[in-house]
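Participant: Take this structure, written in structure tokens, and hold onto it; I'll ask about it next.
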DNA sequence: GAACGTCGGGACGCAACCGTACCGTCGTTG
DNA sequence: CAACGACGGTACGGTTGCGTCCCGACGTTC
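Residue numbers (the numbering used here), protein chains in the order written: chain R, 19 to 228; chain S, 19 to 228.
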């Protein structure tokens, strides 16, 4: 046995990036069109104009493929401008979310994967992690700044705050699927600010009589 | 040819209700476990302990089956108590929604079907109709009453109001999938009331500088 | 109590997809 | 310029599900 040095792969023996990109794009299209449940490697290959082998060489399975794409997208940060006021920050966040959800692909894929996450532990982990990061970022940045400025009480419940912030836009665009005009954003932001102020005051008396 | 009267089907020649129920239950279980995309008649039959034929005799196809179940569930009304105040009404609505979404089946099936609706026109029609009804009911009942009481301005945007009301609970329970403690409901309701008051004031000046 | 007629069940042909094995191709490296 | 070695593509067996057809079973009605 000779312990000879392996030559580094080169020439035609190297993954072609164009093909990898084609596969990624095809996956997004398929994901939007048929959802994760019915996503088939064959269809992806067909759409990408590529052989199945090309896919299996890059990812071990369908799950692997999707997980990889999720982490690629979900890893992005959330670089929000600091406008100097909770209201301004909120408007920007809402605009960013609305713009993202306006894309056909995103508006179909995100709800689909979130639903899938409820039953697939692997996807759930990746996705919930990303989601938690996102929510924590929103909480830390938006709420944190507002607290520093004195706009909100320091013991604001971040989770509850995030629900109030993110819920309405998501409902409107991903569930109700009605367009959110950019002109509506300021009003929604103002409403949310009011909600956050009240929510940060702590528990409210007002039990419902049953 | 004798034009004899047909005897009405009777005896063993009649659909057995118990089997229909078994199928319905099995569909819900399967829908929750694998989603609409991967829902298979065979699996439903297996789980229900029934033959495929039994299913095809009742519904023409998978789509038919699901559509039928959707309309059965979605047809329900929303009989909200009138507590005399927007806050009280809101608390009840939130409790009702939270309770519904706490059920494992509902929490899995609803987001799944909503995602599916985005790509399947038939489901979309049935589901969006139900959703619109629901939203209109919320708008008409909750907002309408509040307007009558003078708690909100008459020209409140109902769609925007519904987003503010329904979005946060849905996000918390169906997307973020964190439990919503009953004790949190009053605070959330109070926050939403504040948001609605502000939102009903009409457009807000406060464009974001970019 | 016999005839009726739909019932549920099993089997079938067809189609789609999974994941793998093999084969000729091709660009770089030494 | 020749040898290397991973590349992309085709072909394959196995599995699963769809929707249909035919069969014996069975309870009511006349």
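Virtual Cβ for every residue (Gly too), placed ideally from N, Cα, C. Just so it is clear, the structure is predicted and the values come from calculations on it, not from any experiment.
By a C-beta neighbour count over all protein chains shown, 10 Å radius and 16 as the cutoff for buried, is residue 91 of chain S buried or exposed?
Facilitator: exposed
Participant: Quick check: the Cα distance between residue 173 of chain R and residue 200 of chain R, rounded to an integer number of angstroms?
Facilitator: Near 32 Å, if we compare the C-alpha coordinates of residue 200 of chain R and residue 173 of chain R.
Participant: Hey, would you say residue 179 of chain S sits closer than 7 Å to residue 161 of chain S, going by beta carbons?
Facilitator: yes
Participant: Flag this pair as yes or no: are the beta carbons of residue 217 of chain R and residue 205 of chain S separated by less than 7 Å?
Facilitator: yes
Participant: Name the two residues that bound the continuous alpha helix (DSSP H) containing residue 169 of chain R.
Facilitator: Taken as a continuous stretch (DSSP letters only), residue 169 of chain R belongs to no alpha helix (DSSP H), as it is neither H nor E.
Participant: Checking contacts by CB at 7 Å: is residue 140 of chain R closer than that to chain S?
Facilitator: No, because no Cβ of chain S sits closer than 7 Å to the Cβ of residue 140 of chain R.
Participant: Could you please tell me which residues of the stretch 50–69 of chain R, in chain order, have their CB closer than 9 Å to any CB of chain S?
Facilitator: So the close ones are 50, 51, 52, 53, 54, 55, 56, 57.
Participant: Taking only beta carbons into account, state which residues of the stretch 26–38 of chain S come closer than 7 Å to chain R, listed in chain order.
Facilitator: none
Participant: At a Cβ cut of 8 Å, what residues of the stretch 127–153 of chain R count as close to chain S, listed as they run along the chain?
Facilitator: 129, 130, 132, 133, 134, 136, 137, 146, 149, 153
Participant: Closest to residue 98 of chain S by CA distance: which of S:157, S:188, S:214, S:32 is it?
Facilitator: S:157
Participant: Using a Cβ-Cβ cut-off of less than 7 Å, give me the residues of the stretch 161–186 of chain R that come near chain S, in sequence order.
Facilitator: 177, 178, 181, 182, 184, 185, 186
Participant: Using a C-beta cutoff of 7 Å, does residue 45 of chain S count as contacting chain R?
Facilitator: Not an interface residue.
Participant: Please confirm whether residue 193 of chain R has its beta-carbon closer than 7 Å to some beta-carbon of chain S.
Facilitator: yes
Participant: Give the residues of chain S in contact with residue 202 of chain R, contact being defined as C-beta atoms less than 7 Å apart.
Facilitator: 178
Participant: Does the Cβ-Cβ distance between residue 113 of chain R and residue 203 of chain R come in under 7 Å?
Facilitator: yes
Participant: What do you reckon, are the CB atoms on residue 129 of chain R and residue 133 of chain S nearer than 7 Å?
Facilitator: Yes; because the gap between Cβ atoms is below 7 Å, this pair is in contact.
Participant: Using 7 Å as the limit for Cβ to Cβ distance, is residue 116 of chain R near chain S?
Facilitator: no
Participant: Under 8 Å, with one C-beta from each stretch per pair, do the stretch 54–70 of chain R and the stretch 78–89 of chain R reach the 3-pair mark?
Facilitator: yes
Participant: Are the stretch 29–48 of chain S and the stretch 60–71 of chain S touching by the rule of at least three beta carbon pairs closer than 8 Å?
Facilitator: yes
Participant: For residue 35 of chain S, does the three-state DSSP call read helix, strand or coil?
Facilitator: helix
Participant: Nearest by alpha-carbon distance to residue 177 of chain S: which of R:122, R:136, R:186, R:151 is it?
Facilitator: R:186
Participant: With distance defined between alpha-carbon atoms, name the residue in R:72, R:215, R:110, R:30 nearest to residue 168 of chain R.
Facilitator: R:215
Participant: Taking residue 80 of chain R and residue 59 of chain R to be in contact with their CB atoms under 8 Å, please state how far apart those CB atoms are, rounded to whole angstroms.
Facilitator: 6 Å
Participant: Are residue 50 of chain R and residue 141 of chain R closer than 7 Å when you measure CB to CB?
Facilitator: no
Participant: Is residue 34 of chain R near the ligand ADP - that is, is its Cβ less than 6 Å away from at least one heavy atom of it?
Facilitator: In the structure on display, the ligand ADP does not appear, and there are no ligands present to speak of.
Participant: With a threshold of 6 Å on Cβ separation, who are the neighbours of residue 101 of chain S within its own chain once the five nearest residues in sequence on each side are excluded?
Facilitator: 107
Participant: Are any of the Cβ atoms in chain R nearer than 7 Å to that of residue 213 of chain S?
Facilitator: yes
Participant: Taking 7 Å as the CB-CB cut-off, is residue 226 of chain R touching chain S?
Facilitator: Residue confidence is low: residue 226 of chain R scores 42 on pLDDT, short of 50, so the model does not pin down where it sits. Its coordinate-derived value is still stated next. Yes - at least one Cβ of chain S is within 7 Å of the one on residue 226 of chain R.
Participant: Within 10 angstroms of its Cβ, does residue 26 of chain R collect 16 or more other Cβ (buried), or is it exposed?
Facilitator: exposed
Participant: Compare the C-beta of residue 222 of chain R against all C-beta atoms of chain S and say whether one is closer than 7 Å.
Facilitator: Residue placement at residue 222 of chain R is poorly supported in this model, since its pLDDT is 48, which falls under 50; the coordinates still yield a value, given next. By this cut-off, residue 222 of chain R is an interface position.
Participant: With distances taken between CB atoms, is the gap from residue 182 of chain S to residue 213 of chain S smaller than 7 Å?
Facilitator: yes
Participant: Using the Cβ count rule (16 or more neighbours within 10 Å means buried), how would you classify residue 48 of chain S?
Facilitator: buried
Participant: Given this structure, state the Cα-to-Cα distance separating residue 163 of chain R from residue 104 of chain R, to the nearest angstrom.
Facilitator: 8 Å
Participant: Using CA coordinates, which residue listed in R:165, R:136, R:120 is at the minimum distance from residue 188 of chain R?
Facilitator: R:120
Participant: How far does the alpha helix (DSSP H) with residue 75 of chain R in it reach, from first residue to last?
Facilitator: Its alpha helix (DSSP H) spans residues 70–76.
Participant: CB residue 135 of chain S to CB residue 123 of chain S, shorter than 7 Å?
Facilitator: no
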